[in-house]
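In this note's numbering, the protein residues as written are 8 to 582. Glycine included, each C-beta is placed from N, C-alpha and C at the ideal position. All values derive from a computational prediction rather than experimental measurement. Taking it in order: structure first as structure tokens, then the write-up.
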RNA sequence: CGGGGUGUAGCGCAGUUUGGUAGCGCAUCUGGUUUGGGACCAGAGGGUCGCGGGUUCAAAUCCUGCCACCCCGACCA
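Now the structure itself:
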């Protein structure tokens, strides 16, 4: 490819909308452009990278025995109604109708559609197990698209679905996908971690997330250096030791606490640690209000709470001030489990049962109750764990302190069980001629998100540093001065030689000054740069690796091809 | 959806407070000089100032409604 022919609009300045490195660099390197919020176009260089990531995913999926198909992005509402997700998915689903007012959506995921694909044709145990996948565009109307390709409303995903006779088969398929994902993310050169996740709207079995570790990640993972425990902060079980408590239950007493509405205020007012309080948080869940009582020094885990009360995320939010006033008869900040409006269900974190003589809101403005005790003063539904994990909490597996880090979820695997086969009646006949439900799993890789994640993990102050396996081109040949015949001719000769040898090479034949070409080469991040400059007269060129631009190696023209091959092979390409 | 902010040329921005002929840098085009780290000189093109309504002799600027985009929060590949 010649750069003069390539549509590669690089930018000197960072577009003001881009905040994080991958978004800024993808824009500046002329790889993507925004169409509208959360929707991007891929330009030639970005498209090449995307296709390479797709190809690695495809190869490993094929190697695992999964078969590629391609389903429509547009899906009829009927299937989603069968599984109840037409309502459960909520406003994140892009919905539309046809001219006859028939309802459709743009697929945010494809469990229903794949289940439908196989339910009429898979009838026998002899057809199982089976695993199908596609690499296709997904649509989710995110509340807040951001960070370029990391949270977009349209994105490329590889989604796979496994179909098995029984739970053991599903577990086996799950493990195979886990292994395939390990191979995929290893080949992509990612630093990643496999963590336990919350299944959310997908199903109720186990799930794991593959998380590319980086500072700008939106996932928080807690993990243990001493054992293999790793989980998202939503999922991680918390172990919260409760300090020794007073032996005797004291008498419940109402005290004036003027303008003391937060835990911080209470600590000062009573001169006590936050662990002597129980905070009561009110939530609007669908059409009802629930209260969660948790130790004052800890934070509520909304995911665990939603799971406990069985509502979907879009039906759940912190109660607004008006609701709080209605159910507590007090200003915000004085809610407590004693004397709360009867309509409010009270959920209590188990740790509260170990606490004695604690302070709670009195459901009266500027008043608190002291010496409250569970059982004697109030009761509720006890939940084992409603708390969010914190650095320094002990590992639930081995008891050592936990560490936390951020990352981007680039893959996930879910055990679906029979959720969708039940809803859509996907069954087969077993050896005894008996009808059985198919056991399913679903497995996603965010392909476009992986592209952004690779950049987050591979860039420097000059630009992107592509791993050779996904670089848009392997080598850029840069004649320093195209008006110099020797340089131009030598560069052309090298370009032809490398191209003929199967190297993906791009020739920077633009009539630009050297600075512009070198800056662009570093911005885009070609793994190898061959600059043809002063040495051209003696048949010498400069060989530079993008990951080590300081190190410039003067080599003879005759040695270039061998050197390029050697380096690319070292970086995992087979030439 | 809540909170904050921004919309002026392809990109980055000034101008809005105090209404009066729409500007700067980069990019683009022409000619010339230059060629190892985002050149220089001379010239040129490009904007219904997000959209609608209002106030005014006069609106990028004031008022008002809407829209889009970005950031912080809760969700996900």
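8 angstroms contact criterion, which residue i and residue j should meet: CB distance rounded
i: residue 402; j: residue 233; result: 7 angstroms
i: residue 356; j: residue 300; result: 7 angstroms
i: residue 184; j: residue 448; result: 7 angstroms
i: residue 465; j: residue 454; result: That belief does not hold up - the Cβ atoms of residue 465 and residue 454 are roughly 17 angstroms apart, past 8 angstroms.
i: residue 519; j: residue 469; result: Rounded, the Cβ-Cβ distance is 17 angstroms, inconsistent with contact.
i: residue 424; j: residue 212; result: 5 angstroms
Cβ-based burial, residue i [other Cβ within 10 Å; buried from 16]
i: residue 44; result: exposed
i: residue 360; result: exposed
i: residue 560; result: exposed
i: residue 583; result: Residue 583 falls outside the range modelled here, since the chain spans only 8 to 582, and no answer is possible.
i: residue 73; result: buried
i: residue 160; result: buried
i: residue 377; result: buried
i: residue 225; result: exposed
i: residue 147; result: buried
i: residue 438; result: exposed
i: residue 21; result: exposed
i: residue 81; result: exposed
i: residue 141; result: buried
i: residue 408; result: exposed
i: residue 479; result: buried
i: residue 138; result: buried
i: residue 557; result: exposed
Unbroken beta strand (DSSP E) run spanning residue i, endpoints
i: residue 435; result: 434 to 436
i: residue 388; result: 388 to 390
i: residue 54; result: Premise fails: residue 54 lies in the alpha helix (DSSP H), 51 to 70, not in any beta strand (DSSP E).
i: residue 559; result: 555 to 563
i: residue 179; result: Taken as a continuous stretch (DSSP letters only), residue 179 belongs to no beta strand (DSSP E), being part of the alpha helix (DSSP H) at 174 to 194.
i: residue 485; result: 482 to 486
i: residue 512; result: 512 to 514
i: residue 214; result: 214 to 220
i: residue 239; result: 237 to 239
Beta-carbon contacts of residue i that lie in its chain and below 7 angstroms, excluding the five residues immediately before and after
i: residue 250; result: 282
i: residue 509; result: 582
i: residue 173; result: 446
i: residue 98; result: 148, 321
i: residue 414; result: 200, 218, 219, 220, 221, 224, 226, 228
Proximity of residue i and residue j at Cβ, strictly below 8 angstroms
i: residue 86; j: residue 435; result: no
i: residue 256; j: residue 363; result: yes
i: residue 102; j: residue 89; result: no
i: residue 35; j: residue 18; result: yes
i: residue 2; j: residue 219; result: The structure shown has nothing for residue 2, since the chain only spans 8 to 582.
i: residue 352; j: residue 297; result: yes
i: residue 548; j: residue 512; result: no
i: residue 341; j: residue 374; result: yes
i: residue 346; j: residue 287; result: no
i: residue 546; j: residue 476; result: no
i: residue 215; j: residue 420; result: yes
Span of the alpha helix (DSSP H), counted from its first residue to its last, around residue i
i: residue 146; result: Not the alpha helix (DSSP H): residue 146 falls in the beta strand (DSSP E), residues 137 to 146.
i: residue 30; result: 28 to 35
i: residue 504; result: 492 to 507
i: residue 464; result: 454 to 464
i: residue 86; result: 84 to 89
i: residue 227; result: Element bounds for residue 227: not the alpha helix (DSSP H) but the beta strand (DSSP E), 226 to 231.
i: residue 531; result: 521 to 531
i: residue 313; result: 309 to 316
i: residue 427; result: 426 to 430
Cutoff 6 angstroms; reference residue i; Cβ partners in own chain excluding five residues on either side
i: residue 152; result: 44, 45, 158, 159, 160
i: residue 188; result: 217, 418
i: residue 517; result: 10, 11
i: residue 323; result: 292, 313
i: residue 339; result: 328, 331
i: residue 388; result: 354
i: residue 460; result: 219, 415, 417
i: residue 93; result: 84, 87
Chain-order list of residues whose beta-carbon lies under 8 angstroms from that of residue i (same chain, five-residue window excluded)
i: residue 70; result: 187, 190
i: residue 500; result: 564
i: residue 279; result: 273, 366
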